[in-house]
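J.:
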Amino acid sequence: MKPSIPKGTRDFTPLETARRKYIFDTIRSAFELYGFEAIETPAMENLSTLTGKYGDEGDRLIFKILNSGDFLKDIREKDLSVDFPNDWVPFISEKALRYDLTVPFARFVAMNRNSIPFPFKRYQIQPVWRADRPQRGRYREFWQCDADVVGSPSLLNEAELIQIYDEVFSNFKLPVKILINNRKILAGIAEVIGKPDQLIDITVAIDKLDKIGVEKVMEELQNKGFDTETISKLQPVFDLKGNNEHKLAFLSSYLHSSETGKLGIEELRQVLDFFEGDNKLNLRDSSIEVDITLARGLNYYTGTILEVKAAEIDFGSIGGGGRYDDLTGIFGLPDVPGVGISFGADRIYDVLLMQGLFPQSAITSTEVLIANFSTADQRYALGLLQTLRQSGIRTEIYPEFAKLKKQFDYAEKKNIPYLLIYGEGERQNRIAEIKELSSGKQISIDISEIADFKKQFK
RNA sequence: GUGGCCAUAGCUCAGUCGGUUAGAGCGCUAGUUUGUGGAUCUAGAGGUCGUGGGUUCGAUCCCCAUUGGCCACCCCA
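For this note's numbering, count along the first sequence from 1 and bump the result up by 11.
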């Protein structure tokens with residue numbers, strides 16, 4: 012048969028896997044540096060846990076798992092007047108692949124409320140699945156790296172999460188823009204123009220400003236039934252430019268009649284204050300930019316909204332997050348606020364690759380290959396092999412008596428920097444030959460000093 | 001879910017206005033070199049031209065369907 016894998020999924024070669032490990036390790040150590048603990052949840056959840064949490068569009072993109080056994084039995088017992096297939100779903104599927112890490116985490120918190128400390132700081136690095144149509148930067152199986160704090164309304168958490176973004180992307184040598192907004196500001200805007208109930212329509216439209224331009228956004232609002240007068244009230248929002256302070260000043264006057272809006276401004280200001288003035292937190296390579304067109308994740312976010320984009324390349328969002336007042340309530344644990352961020356590992360991979368930012372150290376595996384010529388050589392070389400490994404040097408021996416050229420080729424393909432030659436002649440002289448492939452430099456070294464051979468190449 | 005482009009060797013792609021043995025580069029194998037690579041040269045292996053059907057004396061080429069890939073919209077990491 013012809014081998015293939017499902018649409019939107021990928022195999023990873025050793026090189027790709029090493030690079031991905033570099034990404035995960037970098038993110039993981041930042042999470043741990045900031046006091047987050049790892050958890051894991053199952054690849055599949057009960058379908059009822061997931062449905063209704065991501066909006067209609069989200070529900071459609073959930074991968075559902077067919078029940079085992081004679082799952083059509085229940086349907087036969089009903090009547091078949093229901094329409095296939097959507098009405099059948101409750102009968103034929105009760106499990107689904109997780110769609111993100113946040114909702115399973117909320118479920119986890121509700122279930123384990125008595126055994127975890129609050130505020131609970133957890134991180135989670137696992138794959139998620141979406142039945143989306145794949146395209147550039149979009150896969151059906153991809154990995155998210157989430158860090159969330161639940162049980163604390165403090166905006167200090169926001170500041171720390173922003174610092175984590177800065178920490179990680181600075182370590183990647185990838186300058187980023189951290190966009191920030193507040194859901195309450197968006198709600199305030201909807202109030203001010205007299206359409207508090209159409210918050211979603213408004214924000215979805217505003218969100219597209221930089222993509223499709225003012226005119227198309229207005230057109231879309233008209234199609235949604237907004238009258239000209241209402242749209243004109245939004246005009247100042249469309250036109251807003253300038254630095255963060257300027258934007259906040261504008262919002263203060265624009266939203267002065269909305270209590271919710273003013274609250275949003277205050278929250279936003281407090282978060283930004285952590286990074287200004289005396290005793291401020293410093294960001295290394297990132298900038299924070301207030302962006303009131305940032306809407307994302309309207310399903311459960313209620314306060315701060317964050318999104319990260321590479322500063323020098325347009326590749327969509329490579330991370331996002333926000334605050335939610337009550338994500339666990341629906342699982343029976345009310346009044347637990349939370350805030351979290353997510354890194355899109357697969358998009359970060361693509362961006363780092365395009366920018367040439369993967370360090371060589373991320374892809375080196377074996378350091379020394381011992382060439383193998385004969386049964387006798389091989390037996391004696393095993394001692395060296397063991398010595399090198401016990402010294403922590405990643406070493407392998409070529410398992411067959413092949414031509415030296417072939418062994419060189421093997422070392423090159425595996426990116427092994429050193430080839431060690433230890434044949435009969437060397438053995439009698441108690442030495443080994445070690446060649447650095449990149450430079451061609453070759454040394455002889457007494458085998459008693461073999462573990463320190465790298466000094467000879469510096 | 002909607003729309004567009006594409007599918008020829010392991011990879012990147014030529015090609016045939018429908019006609020006999022479908023090509024190149026790279027890669028691979030072997031030799032040049034029975035323990036010192038990356039170069040050169042030589043030889044070789046490798047393709048049911050995505051799959052199914054149709055038109056035709058004849059289809060890799062034209063038509064239809066299907067599958068897969070890419071891209072845009074929607075949405076999103």
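For each residue, glycine too, the CB sits at the ideal point set by N, CA and C. Here the structure is a predicted model, which is why all the values come from computation and not from measurement.
1) In whole angstroms, what is the alpha-carbon distance linking L262 and V362?
2) Using 8 Å as the cut-off, can you tell me whether the stretch 27-40 makes contact with the stretch 72-83, which would need three or more C-beta pairs spanning the two stretches below that distance?
3) Three-state secondary structure (DSSP) at Q401?
4) Quick check on the burial criterion: 16 or more other C-beta atoms within 10 angstroms. Buried or exposed for L44?
5) For N57, which three-state DSSP category applies?
6) Just to confirm before moving on: does the CB-CB distance between V248 and I191 stay below 9 Å?
7) If distances are taken between C-alpha atoms only, which option among I204, K206, L380 and G434 comes closest to L396?
8) Count Cβ pairs between the stretch 153-162 and the stretch 230-238 that sit closer than 8 Å; are there 3 or more?
9) Closest by CA to L338, which one among L448, P370 and F119?
10) In whole angstroms, what separates the C-alpha of R151 from that of T20?
11) Taking the continuous alpha helix (DSSP H) assigned at Y2, which residues delimit it?
12) Near D143, which residues of its chain fall below 8 Å by C-beta distance, leaving aside the five closest residues on each side in sequence?
13) For R109 versus A170, is the C-beta spacing smaller than 9 Å?
14) How big is the Cα-Cα spacing for G332 and K466?
15) Rounded to the nearest angstrom, what separates E407 and G355 at their Cα positions?
16) Which residues in the same chain as R358 place their Cβ atom closer than 6 Å to its Cβ, once the five residues preceding and following it in sequence are excluded?
17) Sorted by chain position, which residues of the same chain lie with C-beta nearer than 7 Å to F342's C-beta, five sequence neighbours on each side aside?
18) For the alpha helix (DSSP H) that E105 lies in, which residues bound it at each end?
19) Taking only the alpha-carbon atoms, compute the straight-line gap between S15 and D420 and give it to the nearest angstrom.
20) So, does the stretch 291-311 touch the stretch 182-201, judging by three or more C-beta pairs under 8 Å?
21) Nearest by alpha-carbon distance to T214: which of N440, L61 and I242 is it?
22) Go through its chain and collect everything with a Cβ distance to A422's Cβ below 7 Å, but skip five positions before and after it.
23) Report all residues from its chain with a CB closer than 6 Å to the CB of I38; omit the five preceding and five following residues, and keep chain order.
24) Out of A201, D70 and K320, which has the shortest C-alpha to C-alpha gap to H3?
25) Using the Cα positions of I461 and L399, report the straight-line distance between them to the nearest angstrom.
26) Buried or exposed: where does N440 fall if 16 or more other Cβ atoms within 10 Å of its Cβ makes it buried?
27) If you follow the alpha helix (DSSP H) that G224 is part of, which residue opens it and which one closes it?
28) What's the call for I324, buried or exposed, on a 16-neighbour Cβ count within 10 Å?
29) By the 10 Å Cβ neighbour count, where 16 or more other Cβ atoms means buried, how is N254 classified, buried or exposed?
30) Identify, in the order they occur along the chain, each residue of the same chain with its Cβ nearer than 8 Å to the Cβ of E278, setting aside the five sequence neighbours on each side.
31) Would G162 pass as a contact of P370 if the rule is Cβ separation under 9 Å?
32) What are the uninterrupted segments assigned as beta strand (DSSP E) that are 3 or more residues long and contained completely in the stretch 432-468, given in chain order?
T.: Based on what the coordinates show:
1) Near 34 Å, if we compare the C-alpha coordinates of V362 and L262.
2) Counting Cβ pairs under 8 Å, fewer than three are found: no touch.
3) Correct three-state label for Q401: helix.
4) Counting every other CB atom within 10 Å of its CB across the protein chains shown gives L44 a total below 16, marking it as exposed.
5) When secondary structure is reduced to three states using DSSP, N57 falls in the strand class.
6) Not closer than 9 Å, so no.
7) When each option's Cα is compared against that of L396, the closest is L380.
8) No, the stretch 153-162 does not touch the stretch 230-238.
9) Comparing Cα positions, the closest option is F119.
10) The alpha-carbon atoms of R151 and T20 are separated by roughly 6 Å.
11) Nothing in the structure corresponds to residue 2, since the chain is present only between 12 and 469.
12) Answer for D143: G19, L72, R149 and R151, listed in chain order.
13) No, they are not a contact pair.
14) So the alpha carbons of these two residues sit roughly 47 Å apart.
15) Each residue's alpha carbon lies about 35 Å from the other.
16) Only G148 and I329 meet the Cβ criterion.
17) Within the same chain, A117, R118 and A121 come within 7 Å of F342 by CB-CB distance, once the 5 residues on both sides are set aside.
18) For E105, no alpha helix (DSSP H) segment is defined; the enclosing uninterrupted segment is the beta strand (DSSP E) at S104 to L108.
19) Each residue's alpha carbon lies about 29 Å from the other.
20) Counting C-beta pairs with one atom in each stretch, the stretch 291-311 and the stretch 182-201 have three or more that are closer than 8 Å, which means they touch.
21) Per the Cα distances, I242.
22) Shown here for A422: same chain residues with a beta carbon closer than 7 Å to its own, the five before and five after excluded, namely L380, L430 and L448 in chain order.
23) So the list reads C156, V179 and F354, once near-sequence residues are dropped.
24) Look at the range of the chain in this structure, 12 to 469, and you will see that residue 3 is not part of it.
25) Using only the alpha carbons, I get a separation of about 7 Å.
26) Looking at its Cβ environment, which holds fewer than 16 other Cβ atoms inside 10 Å, N440 is exposed.
27) Note, G224: alpha helix (DSSP H), L220 to N234.
28) Exposed is the call here.
29) By the 10 Å Cβ count, N254 comes out exposed.
30) Here the set comprises L166, N193, K195, G314 and T315.
31) For G162 and P370, no; Cβs fall outside 9 Å.
32) Runs found: 442-447 and 453-457.
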